[in-house]
Amino acid sequence: MKSLERQLREMGVKNEGHSKNEAFIHQMIETIEFVLGTVSSTASYLRLWALSLAHGQLAETFMDLTFAITFKSTGLGGTIVLGFLTWPIFWGVSFGVLMLMDQLECFLHTLRLHWVEFQGKFYGGSGYAFKPYSYEEILGDVLEA
């Protein structure tokens with residue numbers, strides 16, 4: 001069996017002077033970064049799961065607070081009247097708070113995933129400076145020529 005160095009020489013790969021210890025250390029760093037990235041991604045999904053549990057508990061709390069008055073009243077007529085009065089309160093509060101939470105959740109998680117996960121893995125920061133489109137500059141170049 002050929003040694004790794006010999007195989008690389010035959011393929012035309014030049015030795016850049018890296019020792020086996022440097023390669024091992026680099027591989028360990030890559031492994032640690034991969035494990036930390038996996039834990040981070042798992043934590044993101046656990047955060048979403050926790051928020052979905054919070055939605056359920058909030059809806060149940062709102063229902064208990066609004067309909068507790070209704071079901072404590074005596075008589076069928078009072079229960080029906082209070083039910084018609086408390087139902088819009090329950091629906092409005094539940095819908096308003098939960099929809100606000102959903103919108104905030106979607107916005108913040110998208111922002112976090114773009115800036116922390118995506119930018120950290122794929123964005124290199126190389127390129128050229130942004131130069132906005134300018135009619136004045138284009139017309140100035142045309143008029144000077």
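Going letter by letter, the sequence shown gives residues 1 to 145 in full-length UniProt numbering.
Ideal placement from N, C-alpha and C gives every residue a C-beta, glycine not left out.
For the putative contact between residue i and residue j, defined by C-beta atoms under 8 Å, what is the C-beta separation to the nearest angstrom?
i   : j    : result
S44 : L113 : 7 Å
F71 : T79  : 7 Å
A68 : S94  : Contact flag wrong, Cβ pair sits at about 15 Å.
Following the continuous alpha helix (DSSP H) through residue i, name the residue where it begins and the one where it ends.
i    : result
G140 : Y135 to E144
Distance check for residue j and residue i, CA to CA, integer angstroms please.
i    : j    : result
G83  : V116 : 47 Å
E30  : M11  : 25 Å
Y133 : V142 : 15 Å
G77  : L111 : 51 Å
A54  : K121 : 31 Å
Q27  : V35  : 12 Å
G37  : E136 : 47 Å
G56  : C106 : 17 Å
I25  : L139 : 57 Å
D102 : E5   : 56 Å
W87  : G96  : 14 Å
A50  : A23  : 41 Å
E33  : S40  : 10 Å
T66  : R47  : 29 Å
Requested in this report: Output the residue ranges of the alpha helix (DSSP H) runs that lie fully inside the region 42-115 and measure 4 residues or longer, sorted by chain position.
Outcome: 76-112
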